[in-house]
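J.: Below you will find the structure I want to go over with you.
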Ligand code: CP
Ligand code: NVA
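In the numbering used here, the protein residues as written are 9 to 336.
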């Protein structure tokens, strides 16, 4: 089955500047964005991940298989959870940084995709422009998994919703608050709201809204809104969620962003606006005293360590389905 294009955005199947090549029919699926999957499929991924978390999944669907992991940006959680996860499923993972591979010296993404497809059974990539992962997917003959782009961070938000299920019993009817930058995490939350249908309020400073097309698509199906007051977003929320003010690649904007995000720190006053049993999530790494106070992230409502652990379980579920023939 051909699953391209996957984004739902108005874009041609093949960009006109791309050479017209004859390609084999695509027999695999990629995981580039949550919005490319149905609620039924995402729920199935959660069920597999929950089995894995409970230690009840004994199969080794990646036996004899390899995952290439390309990291154009730093990582702790993504790198370790994918590598360990692939091994736990019977497979093997290779860590490739731009210093190690010719991609870092300008070898085209299309060539890298075609060559790696001859060696490995799946490619996980963390990179900058989302168009780069789309190009990789366009030319690869193996599943591509998104380990973060400037646009989205889908594995993280799946892990976050899994954490909500774990601690609040489900995501249906829950009110999620996002406080901070309209970044890759915010965009993935919008995609999750689009597919899963929960309520999402994003409090972002003016000029730092999420991607407008992703927002509009989510708003066409789910109750999502953007507000300017963090307290308004936090009101009676079940989940309070934030992220750093300057993402990877935006380091030089730090000073400007510190000014823009003043007042967007998650502190105890914000947590008090939420429901009594509300939980706090952060994808990590966190800057205590910046986007969140130490009292909140290290406090009783914080679930950030379970959230980080859930990266392992959900990514194993994604690899088992995409690379290991596990059924949805
Ligand atoms: N949350 C997350 O993706 O962490 P890393 O940058 O450490 O992979
Ligand atoms: N928004 C952050 C997430 C890090 C996991 C970044 O892109 O740097």
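Glycine included, C-beta positions come from ideal geometry on N, C-alpha and C. Here the structure is a predicted model, which is why all the values come from computation and not from measurement.
For residue 238 and residue 273, I'd like the C-alpha separation in whole angstroms.
T.: 8 angstroms
J.: Look up residue 186 in the DSSP assignment and give the residues it is bridged to.
T.: 210, 249
J.: Taking 6 angstroms as the cut-off, is the CB of residue 168 close to at least one heavy atom of ligand 2?
T.: Set against 6 angstroms, the gap from the CB of residue 168 to the closest heavy atom of ligand 2 is not smaller.
J.: Please report the Cβ distance between residue 235 and residue 223, rounded to the nearest whole angstrom; I am assuming they are in contact, meaning their Cβ atoms lie under 8 angstroms.
T.: Contact between residue 235 and residue 223 does not hold, since their C-beta atoms are separated by about 13 angstroms, which reaches or exceeds 8 angstroms.
J.: Residue 232 bridges to which residues according to DSSP?
T.: 208
J.: Just verifying my parser: in three-state terms, what is the DSSP assignment at residue 130?
T.: Here residue 130 sits in strand by DSSP.
J.: Classify residue 299 as buried or exposed, calling it buried when 16 or more other Cβ atoms lie within 10 Å of its own Cβ.
T.: buried
J.: Between which residues of its own chain and residue 175 is the CB-CB distance below 6 angstroms, once the five residues before and five after are set aside?
T.: 287, 311
J.: Terminal residues of the continuous beta strand (DSSP E) containing residue 76?
T.: Counting along the chain, residue 76 sits inside the beta strand (DSSP E) bounded by residues 74-79.
J.: Mind checking who residue 101 pairs with in its DSSP beta bridge?
T.: Beta-bridge pairing links residue 101 to 75.
J.: Could you check where the alpha helix (DSSP H) with residue 222 kicks off and where it finishes?
T.: 220-227
J.: Among 251, 95, 79, which residue has its Cα nearest to the Cα of residue 153?
T.: 79
J.: Under the assumption that residue 75 contacts residue 90 (Cβ atoms under 8 angstroms), give the Cβ distance between them as a whole number of angstroms.
T.: 7 angstroms
J.: Mind pulling the alpha helix (DSSP H) runs of 4 or more residues that sit fully within the segment 248-289?
T.: 262-268, 276-281
J.: Closest by CA to residue 309, which one among 247, 163, 259, 230?
T.: 247
J.: Would you say residue 216 and residue 189 are within 7 angstroms of each other, going by their C-beta atoms?
T.: yes
J.: Do you know offhand how far residue 85's Cα is from residue 319's?
T.: 8 angstroms
J.: Does any CB atom of chain C fall closer than 7 angstroms to the CB of residue 276?
T.: This model lacks chain C altogether, as it is built from one protein chain only.
J.: Would you report the Cα separation of residue 126 and residue 37, rounded to the nearest angstrom?
T.: 17 angstroms
J.: Quick one: what's residue 90 bridged to in DSSP?
T.: None, per the DSSP bridge assignment.
J.: Which value, in whole angstroms, describes the spacing of the CA atoms of residue 199 and residue 192?
T.: If I take the Cα positions, the gap works out to 11 angstroms.
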